[in-house]
Amino acid sequence: HRHDFYFTATGSSGSFLDFIVNSVVDDVQLCSYHKEKHQLVIKEDWMYQALGASEIAQKQQKLLDLEKNFQWAFKNLIKNETKSGKNHTLQVFVNCEVDKDILVSSHFQFALDGEDFCQMDEQPEHWMAMKPEAQHFKFLWDSAFWKRRVRHYIQEDCIDG
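Below you can see the structure in the form of structure tokens.
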């Protein structure tokens, strides 16, 4: 099975305008989240029974926390844009392929304003800058915190999710 997550956030260092998440498994959209309602919307009825109310509530809380992380990113990582006040779009594409609970592949890719920014190849410890500006964030990708987040995602949201 292939699980794709699409995250899109727009804003500036001074404002956080929008945040949308879509979760797709084997080309079927299972759920979405939108900043406007702060609610996880389940698209397939069978998911209510498969996950249960408690698991759905946990996933919704994770998305609320993730929204705060994206808001922090706009406030702190795009702070050099305070003079222009320009809005930016940050897109994150995450996918993994699992066969019988065994991870076959995983991929993380970030784009800023529609241009590829950085990506993680098949090895969770190896990031590549797609633009020279991305090199400034190498310290973040190489941090123990970020490596734990990647491993956590692969285990919790991909293999077990």
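So that you can map any letter, position 105 of the sequence shown is 105 in the working numbering, and since no number is skipped, the others follow by simple counting. Ideal Cβ placement from N, Cα and C applies to all residues, glycine included. Keep in mind that this is a model prediction, so the values were computed, not measured.
Since Phe139 is in the alpha helix (DSSP H), which residue starts that stretch and which ends it?
Numbered from 1 along the sequence shown, position 139 holds the residue referred to as residue 139. Run containing Phe139: Lys138 to Trp141, per the alpha helix (DSSP H) assignment.
Next item on the list: Would you decide whether Ser13 is buried or exposed? Buried here means 16 or more other CB atoms lie within 10 Å of its CB.
Entry: For this step, residue 13 is matched to residue 13 along the sequence shown. Under a 10 Å Cβ-count criterion, Ser13 is classified as buried, with 16 or more other Cβ atoms of the shown protein chains found around its own Cβ.
Which of helix, strand or coil does DSSP assign to Ile102? Taking the sequence shown and counting its residues from 1, one reaches residue 102 at position 102. Reduced to three states, the DSSP call for Ile102 is strand.
- Task: Label Trp46 either buried or exposed according to how many other C-beta atoms from any shown protein chain fall within 10 Å of its C-beta, with 16 as the threshold for buried.
- Result: As a working note, residue 46 is residue 46 in the sequence shown. Counting Cβ neighbours within 10 Å, Trp46 comes out exposed, since fewer than 16 surround it.
Report task. Report the partner residues of Gly11 according to the DSSP bridge assignment. Result -> Walking along the sequence shown from the start, residue 11 turns up at place 11. Per the DSSP secondary-structure output, Gly11 pairs in a beta bridge with Phe16 and His88.
- Task: Give me the Cα-Cα distance between Lys59 and Lys86, rounded to the nearest whole angstrom.
- Result: Stepping through the sequence shown from its first residue, residue 59 is reached at position 59. Stepping through the sequence shown from its first residue, residue 86 is reached at position 86. When rounded, the separation of the alpha-carbon atoms in Lys59 and Lys86 is 32 Å.
- Query: Quick one: what's got a C-beta closer than 6 Å to Asn95's C-beta in the same chain, skipping five residues either side?
  - Reply: On the sequence shown, residue 95 is found 95 positions in, with the first residue counted as 1. Result list for Asn95: Asp4 and His107, in chain order.
Exercise for the section: Please say whether Tyr6 and Val92 have beta carbons closer to each other than 9 Å? Expected result: One-based indexing of the sequence shown puts residue 92 at position 92. One-based indexing of the sequence shown puts residue 6 at position 6. Yes; because the gap between Cβ atoms is below 9 Å, this pair is in contact.
Unbroken beta strand (DSSP E) run spanning His38, endpoints = Looking up residue 38 in the sequence shown gives position 38. Where His38 is concerned, there is no enclosing beta strand (DSSP E), given that its DSSP letter is neither H nor E.
Confirm, please, whether the CB-CB distance from Asp113 to His1 is below 9 Å. Within the sequence shown, the letter at position 1 stands for residue 1. Within the sequence shown, the letter at position 113 stands for residue 113. Not closer than 9 Å, so no.
Subject >> Inter-residue Cα distance where the pair is Tyr166 and Val21 >> reply: The first residue shown for the chain is 1 and the last is 161, placing residue 166 beyond what the model contains.
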